[in-house]
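Residue numbering for the sequence shown follows the working numbering, starting at 13 and increasing by one per position.
All C-beta atoms in this analysis are idealised placements derived from N, C-alpha and C, irrespective of residue type, glycine included.
One structure is given below, encoded as C-alpha cells.
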Amino acid sequence: METRNNQEDYIKIRCSDFGLVQRKYMLSQEEIDMMPIDIVKRNIAIEIGQYLFDQGILGFEQEDNTLIASLYVVRHPAGVQNEQR
C-alpha cells in the first residue's frame, strides 16, 4: 500500500479565495470553568463543517481507496479589497 504525503495532494487554500463564514458562540460559565477552549473550538468547527456538508458546499467522492473532500469557496472579483488575517 502506497502512502502519499505530498503537499501538492493536500489542501490548497488561499485566504483570498474566501468570503467570511462566521459563527458566534456565547460560552457558558461551565464551559469556561470546565472545558479547555480547544475542545469548544473543535466542537464549533464540527458544527460549521456539518452545516457546509448539509448545504452541499463540502462534498466527498471516493476513487478506489482514496477519499476526496471538496470545498467550494468564494472568489472575490478582481479589485475588491478583502481583509487579510
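Paired residues, beta bridge with residue i - DSSP
i: GLU73; result: ILE80
Cβ-based neighbour list, residue i, same chain, cut-off 7 Å, excluding 5 preceding and 5 following
i: ILE56; result: ARG35, TYR37
i: PHE30; result: VAL85, VAL86
i: ILE69; result: LEU83, TYR84
Whole-angstrom distance between residue j and residue i, CA atom to CA atom
i: GLU73; j: LEU83; result: 12 Å
i: THR15; j: ALA81; result: Note that THR15 has pLDDT 47, beneath the 50 cutoff, so the model's placement of it is unreliable and the number below is only indicative. Between THR15 and ALA81, the C-alpha separation is close to 17 Å.
i: PRO48; j: SER40; result: 13 Å
i: LYS53; j: VAL86; result: 23 Å
i: PHE65; j: ASN77; result: 21 Å
Residue i: first and last residue of the uninterrupted alpha helix (DSSP H) it sits in
i: ASP29; result: ASP29 -> no alpha helix (DSSP H), and no H or E assigned at all.
i: MET46; result: 41-46
i: TYR63; result: 49-66
Chain-order list of residues whose beta-carbon lies under 8 Å from that of residue i (same chain, five-residue window excluded)
i: GLU59; result: ARG35
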